[in-house]
Amino acid sequence: MARNTEIENIFGQFEKAFGRLTELTQTAEKSEVKRDATIKRFEFTYELLWKMFKRIATVEKLEAFSPKSSFQAAFQLGLIENEQLFLDIIDARNKTSHVYSELNANEIYDFIQDHAVNAFKQVAAKIKEKYIIEI
Numbered sequence: 001m002a003r004n005t006e007i008e009n010i011f012g013q014f015e016k017a018f019g020r021l022t023e024l025t026q027t028a029e030k031s032e033v034k035r036d037a038t039i040k041r042f043e044f045t046y047e048l049l050w051k052m053f054k055r056i057a058t059v060e061k062l063e064a065f066s067p068k069s070s071f072q073a074a075f076q077l078g079l080i081e082n083e084q085l086f087l088d089i090i091d092a093r094n095k096t097s098h099v100y101s102e103l104n105a106n107e108i109y110d111f112i113q114d115h116a117v118n119a120f121k122q123v124a125a126k127i128k129e130k131y132i133i134e135i
């Protein structure tokens, strides 16, 4: 595949955001501040991921206009193995806009720690393997 600097640029931003999310999830500290910061970093990482999927879909001649259709395109391209997990990630991201209770915030935080971080890591490896040309 020919080099696509737009995908590489978005991937670089995604890697940076994901690194910051991962860094935070690996600390032992437990606090509301850590929970809230983790949720915010998850939001940034998610937004970059779906926009990267959208760009990849365009390059691959697939339609993707929304987060859900971008994730579906990524599944079609083999970048996502567990489609249901990523539907759950979309749901978690949507819930972050409506975190009205401690229980909701804690559930989202646990989901990020237990599922989203590892899913993002696996996707990053696949994107890097398929679309990023190392020089």
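Take the sequence shown: its position 12, counting from 1, is numbered 12 in this note's numbering, and each next residue is one higher.
Every residue, glycine too, gets a C-beta built ideally from N, C-alpha and C.
As the structure is a computational prediction, the values presented were derived from the model and not from experiment.
Are the beta-carbon atoms of residue i and residue j separated by less than 7 Å?
i	j	result
Glu18	Thr45	Here residue 18 is Phe; the residue named in the question, Glu, does not match the sequence. It is a contact, given that the beta carbons lie within the stated cut-off.
Leu62	Phe14	no
Trp50	Ser70	yes
Thr96	Glu32	no
DSSP state of residue i, grouped into three classes?
i	result
Thr45	helix
Asn104	helix
Thr27	coil
Leu85	helix
Which one of the options has the shortest CA to CA distance from residue i?
i	options	result
Tyr131	Met52, Thr25, Phe120, Val117	Met52
Ala37	Gln122, Asn106, Lys126	Asn106
Ile108	Trp50, Glu6, Arg35, Phe65	Arg35
Leu85	Phe120, Tyr100, Lys128	Phe120
Ile10	Glu32, Leu21, Lys54	Lys54
Ala124	Gly78, Asn104, His98	Gly78
Lys122	Ile7, Gln72, Arg41, Asn82	Residue identity check: residue 122 is Gln in the sequence provided, not Lys. Nearest option by C-alpha distance: Asn82.
Using a Cβ-Cβ cut-off of 7 Å (strictly less than) and excluding sequence neighbours within five positions of residue i, which residues of its own chain qualify?
i	result
Gln113	Thr25
Assuming residue i and residue j form a contact by the criterion Cβ under 8 Å, report the distance between their Cβ atoms to the nearest whole angstrom.
i	j	result
Thr22	Val117	6 Å
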